[in-house]
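Visitor: Below is one structure. I have some questions about it.
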Amino acid sequence: MTPLRAPTRFRSLDDVETLRLLAQNLGEGIYISDPAGKILDANAAFLQIFGVRSVGELGQFHAADLYADPARRDAWLAALEREGTVRDFEWTLVRPDGQRRTVLDTSYTVVDEATGERFYHGILVDITERKQLEDQLREQLTRDALTGCYNRRFLLDLARQLHELGVGTWGCIFLDIDHFKVYNDAHGHLEGDLVLARMARFLMRQVRAEEPVVRMGGDEFLVVLQGESALRTEEVARRLQHAAARSAPVAFSLGWAVRAGDESLEATIDRADRGLISVRVLTRSGDYPRLPDEMERRLG
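Using the working numbering, the letters of the sequence shown correspond one by one to residues -14 to 285.
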């Protein structure tokens, strides 16, 4: 007796209906597009990622318009042209409603043998929530818990970014609270922490949002200016000196430096630190006994 063969329907990926149901029920977005950027077909998850109800709604937009950074689409196309397939290509899309989502795109090129037409088949995985969590964790790792300033870990990331982006100019302003140890020993660490927090707020009010304030450790702070802003390094340093007399919570010394040649960020910071030491010698000579009292007056 010949055994009955099980029907292939819904049991094999060779079955068209099985593939259709699989595509429509997957949580990842599946799409087919042409080189011009038109979405020809997509599953429900893809439409949900873009916040639309039909493929026709996406047809109103050019693919490049859906990229937060159009250069990323150029990079994606170049990779497909070069390799024929792309895996986990990360990019940020802008939905028609303006919301941004971060996705991983795995795609490949298909050529119709009959017509020579090219198409792109791909899968999008929405990683927006994961990226947000990563950003939050990175923020926590690169922030000083006491002052809210950035920390040394941030500097390592910044140095790498400056190199990767090809930023050739930067400036550094290094600051040190005068006689902080004397005040800290006299009034305790809690009061000392308040001094540091107030100093951090003062510095962040005096500089632009894109000019990070870094707590280097103890009572030392750093301001970094990048690109064209680096040309303002001395100007910002002078402004901090003038603002100190009006609104700084404590007296401080500072030094500054602008990148020379092809030196590293660390080398520029070191030169700014050495400049601070020379300024400190001039400003502190003969005044040491009185400055802690001045600190108390300003904080009081």
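Heads up, the beta-carbon is just placed ideally off N, CA and C, and yes, glycines get one too.
Work out the CA separation of R123 and E75 for me, nearest whole Å.
Guide: One C-alpha to the other measures close to 18 angstroms.
Visitor: Could you compute how far the alpha carbon of V243 sits from the alpha carbon of T100?
Guide: Approximately 60 angstroms between the Cα atoms of the pair.
Visitor: Using only alpha-carbon positions, find the residue among S249, F165, R224, G260 that is nearest to L179.
Guide: Ranking S249, F165, R224, G260 by Cα distance to L179 puts F165 first.
Visitor: Give the secondary structure of L(-11) by DSSP, where H, G and I count as helix, E and B as strand, and everything else as coil.
Guide: Caution is warranted here: a pLDDT of 48 is assigned to L(-11), below 50, making its placement in the model unreliable, and the coordinate value is therefore given only provisionally. It is coil, neither helix nor strand.
Visitor: Distance, Cα to Cα, G240 vs L175?
Guide: Each residue's alpha carbon lies about 28 angstroms from the other.
Visitor: Should N28 go down as buried or exposed, given a rule of 16 or more other Cβ atoms within 10 Å for buried?
Guide: Buried is the call here.
Visitor: Name the one or two DSSP bridge partners that V198 has.
Guide: Partner(s): V208.
Visitor: Could you tell me which whole alpha helix (DSSP H) segments of length 4 or greater appear in the segment 95 to 156?
Guide: Counting only runs of 4 or more, we get 113 to 126, 137 to 150.
Visitor: I believe A56 touches T77 by the beta-carbon criterion, under 8 angstroms. Please report the beta-carbon distance rounded to the nearest angstrom.
Guide: Rounded, the Cβ-Cβ distance is 12 angstroms, inconsistent with contact.
Visitor: As a quick exercise: from R58, S39, F187, E98, pick the residue whose alpha carbon is nearest that of A48.
Guide: It is R58.
Visitor: Any chance the segment 83 to 90 sits against the segment 124 to 144, with 3 or more Cβ pairs inside 8 angstroms?
Guide: Flag = no, the segment 83 to 90 and the segment 124 to 144 do not touch.
Visitor: In whole angstroms, what separates the C-alpha of N10 from that of L4?
Guide: Approximately 10 angstroms, taken between the alpha carbons.
Visitor: Given 8 angstroms as the limit, is there contact between the segment 199 to 209 and the segment 133 to 142, that is, 3 or more CB pairs closer than that?
Guide: Short answer: they touch.
Visitor: L11 by DSSP, collapsed to three states: which one?
Guide: L11: coil per DSSP, three-state reduction.
Visitor: Where do the ends of the alpha helix (DSSP H) carrying R57 lie?
Guide: Start and end: 55 to 68.
Visitor: For the alpha helix (DSSP H) holding F165, just list the boundary residues, first then last.
Guide: Element bounds for F165: 165 to 172.
Visitor: Please state whether the Cβ-Cβ distance between R67 and G156 is less than 9 angstroms.
Guide: For R67 and G156, no; Cβs fall outside 9 angstroms.
Visitor: From F31 to D204, what distance separates their C-alpha atoms?
Guide: Cα to Cα, F31 sits roughly 52 angstroms from D204.
Visitor: Would a C-beta distance cut-off of 9 angstroms place I262 and L109 closer than the cut-off?
Guide: Not a contact, by the Cβ cut-off of 9 angstroms.
Visitor: CB D258 to CB F187, shorter than 9 angstroms?
Guide: Taking 9 angstroms as the Cβ cut-off, D258 and F187 do not qualify as a contacting pair.
Visitor: So what does DSSP say about A21, is it helix, strand or coil?
Guide: Reduced to three states, the DSSP call for A21 is coil.
Visitor: Is the beta carbon of A144 closer than 9 angstroms to that of S214?
Guide: In this structure, A144 does not lie closer than 9 angstroms to S214 by Cβ.
Visitor: Can you tell which of A222, H148, V209 has its C-alpha closest to the C-alpha of G247?
Guide: With the sequence shown as reference, residue 247 is identified as Asp, and Gly is not the correct amino acid for it. Of the listed residues, the one whose Cα sits closest to D247 is H148.
Visitor: Compare the C-alpha of I233 against each of M189, D19, A194 and name the closest.
Guide: The sequence shown places Ala at residue 233, not Ile. Minimum Cα distance to A233 is reached at M189.
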